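Enquirer: When we follow numbering that gives the first Met the number 0, the leftmost residue of the sequence shown carries the number 0, and every step to the right adds one.
Cβ atoms here follow ideal geometry from the backbone N, Cα and C, with glycine treated the same way.
If you're wondering where the values come from, they're calculated on a predicted model, not measured in any experiment.
Before I ask anything, let me first share the structure, which is written out below as structure tokens.
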Amino acid sequence: MSRTAPHCVVVGAGIAGLAAAYQIRQRRPDVRVTVLEAAPTIGGKLAQAEVGGTVVDTGAESVLNRRPEAVDLIRAVGLADSVCHPAATTASVWSRGRLRPLPPTVLGVPTDLRALARSGVVSAPGVGRAALDRVLP
């Protein structure tokens, strides 16, 4: 009686599915892995598109360096050279017909409300609501 190699099916080719398939192959090279994806592209929430001649992220766009797992995975699959570090560029949004740079943030939270108001990406009431975030629980 011959024994066939183990086979694993991963449902979804988003970042979690692709990372799972990669880890399975790293830990068990003898396992045949099939990744199933319903969408026409892989990556799930990790995507990019061209807007006004500029390539922009349309989904998840950041990795926290505090946790080594994501950075290790990026290196292991050969994508380290394609990582754009925040110090090298600024985040922007397409608003009212043009690309507008976002003011400085810490994990997405504005650090300078005056810069947020000047940016034009948030309405005056929105800036006021952001100010309340500093005092509301």
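(1) Should V9 and V30 be called a contact, given that it needs their Cβ atoms to be closer than 8 Å?
(2) When you compare only the Cα positions, how much space is there between I41 and Q25?
(3) Which runs of the alpha helix (DSSP H) fall wholly inside the stretch 34 to 116 and span at least 4 residues, in chain order?
(4) Apart from the five residues just before and just after D56, which ones in its own chain have a Cβ nearer than 7 Å to its Cβ?
(5) Go through its chain and collect everything with a Cβ distance to D132's Cβ below 8 Å, but skip five positions before and after it.
(6) Considering only residues of the same chain and omitting the five flanking positions on each side of L35, which have a CB-CB separation below 8 Å?
(7) Quick one: what's got a C-beta closer than 6 Å to P100's C-beta in the same chain, skipping five residues either side?
(8) Below 8 Å CB to CB, which residues in the same chain sit around G16 once its five sequence neighbours on both sides are set aside?
(9) Among all the DSSP beta bridges, which residues are the ones paired with G13?
(10) How about A129 and V121: do their beta carbons lie closer than 8 Å?
(11) I'd like to know whether the C-beta atoms of L135 and V126 end up nearer to each other than 8 Å.
(12) Which same chain residues end up closer than 8 Å to A4 when comparing Cβ atoms and leaving out the 5 residues on each side of it in sequence?
(13) My understanding is that S118 touches P102, with C-beta atoms under 8 Å, so please give their C-beta distance in whole angstroms.
(14) Any idea what DSSP makes of V126, helix, strand or coil?
Expert: Well, looking at it:
(1) Mapped onto the sequence shown, residue 9 falls at position 10. Mapped onto the sequence shown, residue 30 falls at position 31. No, the pair does not count as a contact, with Cβ atoms beyond the cut-off.
(2) Here the question's residue 41 lines up with position 42 in the sequence shown. Here the question's residue 25 lines up with position 26 in the sequence shown. The straight-line gap from Cα to Cα measures roughly 20 Å.
(3) 67 to 75
(4) Here residue 56 corresponds to residue number 57 of the sequence shown, with the count starting at 1. Hits under 7 Å: Q47.
(5) Position 133 of the sequence shown, counting from 1, holds the residue named residue 132. Around D132: V108.
(6) By one-based count along the sequence shown, residue 35 stands at place 36. Excluding sequence neighbours, L35 sits near V8, V9, V10, G11, A12.
(7) The residue labelled residue 100 in the question sits at position 101 within the sequence shown. Correct list, in chain order: T89, S91.
(8) Residue numbering aside, residue 16 sits at position 17 when the sequence shown is read from its first letter. For G16, where only same-chain residues beyond five positions count, the Cβ hits under 8 Å are V9, V10, V34, E36, G43.
(9) Residue mapping note: residue 13 aligns to position 14 of the sequence shown, counting from 1. For G13, which the question treats as bridged, DSSP gives the partners G42.
(10) On the sequence shown, residue 129 is found 130 positions in, with the first residue counted as 1. On the sequence shown, residue 121 is found 122 positions in, with the first residue counted as 1. Yes, the Cβ-Cβ distance between A129 and V121 is below 8 Å.
(11) Counting from one through the sequence shown, the residue named residue 135 turns up at place 136. Counting from one through the sequence shown, the residue named residue 126 turns up at place 127. Result no, Cβ atoms of L135 and V126 do not sit closer than 8 Å.
(12) The residue you call residue 4 lines up with position 5 of the sequence shown. Here the set comprises D29, V30, R31.
(13) In the sequence shown, the residue the question calls residue 118 occupies position 119. In the sequence shown, the residue the question calls residue 102 occupies position 103. Going by Cβ atoms, the distance from S118 to P102 rounds to 5 Å, so yes, they are a contact pair.
(14) On the sequence shown, position 127 is the one that residue 126 refers to. Note: V126 maps to helix in three-state DSSP.
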